[in-house]
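Enquirer: In our numbering, the protein residues as written are 293 to 864. Ideal Cβ positions, reconstructed from N, Cα and C, are used throughout, including at glycine. Computed from a predicted structure; not experimentally measured.
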Amino acid sequence: MHRFARVACIIVVIVLIAYGLIQPVEQDIRWLLLLWLAAPFLLIAVRLSLPQQPRGMARSVQQLGVVVGVSFMLLALQLLRQQFVRADDFYDYVYIDQQTGQAIGNVRPVLQTQRVQRGKILDRNATVIVDTQMINGFAWRTYPIEAQFDPSAFGNVVGFFSHRFSHSGIEASYHDYLSGELDIYGHIQSALLGQQRIGDNVHLTIDARLQAAATQSLNGRPGSVVVLDAETGAILAMASAPTFDPRGIAFNPSAPDRDAENARVADYWTQINGDVAGQPLLNRPTQGVYPPGSIFKTLTAIAVLEHAHVASPNDIDCPNTRTTEVGAPPVVNALDDLQNFTGDPSDLERVYAYSCNTAFAEYAMRLGPDLFIEMARKFDVYTPQEAPINYQRFTDLPTAPSLLYVEPGFLNRQAALADTGYGQGQLLVTPLQMAMMTVAVANDGVMLEPYLVERITRFDGTLVTARGSRVIRRAMSSATAATLRADMRAGVEYGFGTAAQQVNPNVALVAGKSGTAEHGPGTVPHAWFIALAPVDEPRYAVAVMVESGGEGSSVGAQLAGEVLATAFNLEN
293 MHRFARVACI IVVIVLIAYG LIQPVEQDIR WLLLLWLAAP FLLIAVRLSL
343 PQQPRGMARS VQQLGVVVGV SFMLLALQLL RQQFVRADDF YDYVYIDQQT
393 GQAIGNVRPV LQTQRVQRGK ILDRNATVIV DTQMINGFAW RTYPIEAQFD
443 PSAFGNVVGF FSHRFSHSGI EASYHDYLSG ELDIYGHIQS ALLGQQRIGD
493 NVHLTIDARL QAAATQSLNG RPGSVVVLDA ETGAILAMAS APTFDPRGIA
543 FNPSAPDRDA ENARVADYWT QINGDVAGQP LLNRPTQGVY PPGSIFKTLT
593 AIAVLEHAHV ASPNDIDCPN TRTTEVGAPP VVNALDDLQN FTGDPSDLER
643 VYAYSCNTAF AEYAMRLGPD LFIEMARKFD VYTPQEAPIN YQRFTDLPTA
693 PSLLYVEPGF LNRQAALADT GYGQGQLLVT PLQMAMMTVA VANDGVMLEP
743 YLVERITRFD GTLVTARGSR VIRRAMSSAT AATLRADMRA GVEYGFGTAA
793 QQVNPNVALV AGKSGTAEHG PGTVPHAWFI ALAPVDEPRY AVAVMVESGG
843 EGSSVGAQLA GEVLATAFNL EN
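Here it is as structure tokens:
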């Protein structure tokens, strides 16, 4: 009987302790309760494991010894959790006040980071964007790029680094490299010899000149500009507006009045963190999700060409309205009598160039939900059941997944399928995802992983790690990609995207597609444009989006044309 009771008590103790050890540091009270709850069972198990109890004083000594021994065991378990099981969590734990945004945590890592010469962040041409200046043994994050450009143009990419408010962007994603945490040998050497700890340098794929120009081209309008190398997937520019000035969050240890400097940093943090309307801390190219409007006709067109036997790409018309199902509002075109431009009957090139909603609604209904979902999946546009929390093909910065729809079973309705076919419905996509789709068209149908970090080097220039182009998958045949490039060129040559070429007629031939995305009754639509150039051998793929910007054929096309003109001019 005693043996059974002892085994039962041991099992209870193991279960309670094991469950407690896996509790996050935020649940410290729960762990302590479980630890105390395990104590009486542990006492009973120990008592039952002892030989026959003596009498008199010896018995009292034995009981006291059991209590002391169990107490030390509980203390050892507490130390085990703090020093081994959850050591990293306790060391790095930061509590952020939801009202003030202020971070509270272990002061030791904060003091250590203040004395680390954090690595540089450079552009593809070795232009230093972010650096560290040591002042009396304390680190000050500086922005040498300010000598050429406004550092705000780089805020959404490099992020900020603050001992008080944590970090974001590349500063967060590559913190372990920038702080030297991953250089174990250097870490030990600096600790033993008392040398200055120096972090690794992060070399980005962006061109600082193009990044600054892309940000300036937004002219303060909320929106995004993404420029990718069409051959590799490297991100050449990723502009977001509104943005923030990372200098505003960098504490200057040489300030004559440290309290005033702390107040300055806190005031700026409160300002940008409290801007609910502008959301300057939101990196719109990767975290902003929007209805794409007519640029999504590109994906529909790809599906039509890949399944031509079902969708009949060159057997189509463009009526003013098209009924999809009984009781549903008809699909309408943006312009009346659009068939005067597309012709009747028409073909895929002309209904794409003139962005005929009714034609693409018909294409989507011909394809059906299964083929449409299959094609969207090839471009990582997910159904809600499949969507990850964060997009996994680009991890240099936090990235939201793009969604084909939100409501389960949405595409089972003909009207919903038709609306999705021309870029409305419940679609929510990121500008980066649309740029990736454009790269696939430019790259003969092969979808590439975008990347922002080219290589990481130590302070002495030795290489730590590097990366290059990586293929995700073939999303379409090379023949389909060639046809799409021709269709996109038609859109710029004679369709609704002519402004992309007119901005600078001397640049290489541009191919593109405009989008004017409705996002609520009574609101000005979002202006989109995707483009690639030169059309014969594309080097650049661009996606631009201006929130509530108006017509994609004017605002979006002009913006994309300006960005491409800058990219080509920088080649010279």
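Considering just the uninterrupted stretch of the beta strand (DSSP E) at R747, what are its terminal residues?
Expert: Element bounds for R747: 745-749.
Enquirer: Over what stretch of residues does the alpha helix (DSSP H) that includes V731 continue unbroken?
Expert: Taken as a continuous stretch (DSSP letters only), the alpha helix (DSSP H) holding V731 covers 723-734.
Enquirer: Please identify the residue among T535, D521, F536 whose C-alpha is closest to the C-alpha of A529.
Expert: Closest option to A529, Cα to Cα, is D521.
Enquirer: W820 bridges to which residues according to DSSP?
Expert: Looking at the DSSP assignment, W820 forms a beta bridge with G807, M837.
Enquirer: Classify R766 as helix, strand or coil using the three-state DSSP reduction.
Expert: If DSSP states are grouped into helix, strand and coil, R766 belongs with the strands.
Enquirer: Could you give the first and the last residue of the continuous alpha helix (DSSP H) run that contains A331?
Expert: Its alpha helix (DSSP H) spans residues 320-341.
Enquirer: Please list the segments of the beta strand (DSSP E) lying wholly inside the stretch 634-708, counting only runs of 3 or more residues, in order along the chain.
Expert: Counting whole runs of 3 or more residues, the stretch 634-708 contains no beta strand (DSSP E) stretch at all.
Enquirer: Taking its Cβ as the centre, do 16 or more other Cβ atoms sit within 10 Å of L720, making it buried, or is it exposed?
Expert: Looking at its Cβ environment, which holds 16 or more other Cβ atoms inside 10 Å, L720 is buried.
Enquirer: Indicate whether the contact test is met: 3 or more Cβ pairs, each with one atom in the stretch 565-579 and one in the stretch 612-621, closer than 8 angstroms.
Expert: Cβ pair count under 8 angstroms is below three, so no.
Enquirer: For the beta strand (DSSP E) holding L720, just list the boundary residues, first then last.
Expert: No beta strand (DSSP E) holds L720; DSSP gives it neither H nor E.
Enquirer: Note down, in chain order, each residue of its chain lying with its Cβ closer than 7 angstroms to the Cβ of T650, except the 5 sequence neighbours on either side.
Expert: Excluding residues within five positions, the ones whose Cβ falls inside 7 angstroms are C610, P611, T613, R614, V623, N625.
Enquirer: Can you tell which of Q409, Y697, G737 has the C-alpha that lies nearest to the C-alpha of D468?
Expert: Among Q409, Y697, G737, the Cα nearest to that of D468 is on Q409.
Enquirer: Verify whether the separation of the beta carbon atoms of L496 and I421 is less than 9 angstroms.
Expert: Their beta carbons are under 9 angstroms apart, which means L496 touches I421 by this criterion.
Enquirer: Output needed for Q793: all residues of its chain with C-beta closer than 6 angstroms, excluding positions within five of it in sequence on either side, in chain order.
Expert: Once the five neighbours on either side are set aside, the close Cβ partners of Q793 are V784, V802.
Enquirer: When you compare only the Cα positions, how much space is there between R831 and V795?
Expert: If I take the Cα positions, the gap works out to 19 angstroms.
Enquirer: Specify, as a first and last residue, the run of the alpha helix (DSSP H) that V449 falls within.
Expert: Element bounds for V449: 447-450.
Enquirer: Does the Cβ of E598 have 16 or more other Cβ atoms within 10 Å, making it buried, or fewer, making it exposed?
Expert: By the neighbour-count rule (16 or more Cβ atoms within 10 Å), E598 is buried.
Enquirer: In its own chain, which residues sit with a C-beta less than 7 angstroms from the C-beta of V519, not counting the 5 before and 5 after it?
Expert: Hits under 7 angstroms: L502, A506, L528, A529, Y832, V834, V855, A859.
Enquirer: When the distance is taken between beta carbons, is Y582 closer than 9 angstroms to M837?
Expert: Yes, the Cβ-Cβ distance between M837 and Y582 is below 9 angstroms.
Enquirer: Could you have a look at Q425 and say whether DSSP puts it in helix, strand or coil?
Expert: Strand at Q425.
Enquirer: Can you tell me the Cα-Cα spacing of G525 and G737, whole angstroms?
Expert: Taking the straight line joining both Cα atoms gives about 13 angstroms.
Enquirer: Just tell me which of G789, P813, G812, V450 has its CA closest to the CA of A823.
Expert: Ranking the options by Cα distance to A823, first place goes to G789.
Enquirer: Do P577 and P723 come within 9 angstroms of each other at the CB atom, strictly closer than that value?
Expert: It is a contact, given that the beta carbons lie within the stated cut-off.
Enquirer: Does DSSP classify H601 as helix, strand or coil?
Expert: Helix, per DSSP.
Enquirer: For a test of the three-state rule: what should DSSP assign to V408, helix, strand or coil?
Expert: V408: coil per DSSP, three-state reduction.
Enquirer: So, helix, strand or coil for H455, using DSSP?
Expert: H455: coil per DSSP, three-state reduction.
Enquirer: Which word fits F376, buried or exposed, when buried means at least 16 other C-beta atoms lie within 10 angstroms of its C-beta?
Expert: That one is exposed.
Enquirer: Excluding sequence positions up to five away, which residues of its chain have a Cβ less than 6 angstroms from the Cβ of R322?
Expert: Q315, listed in sequence order.
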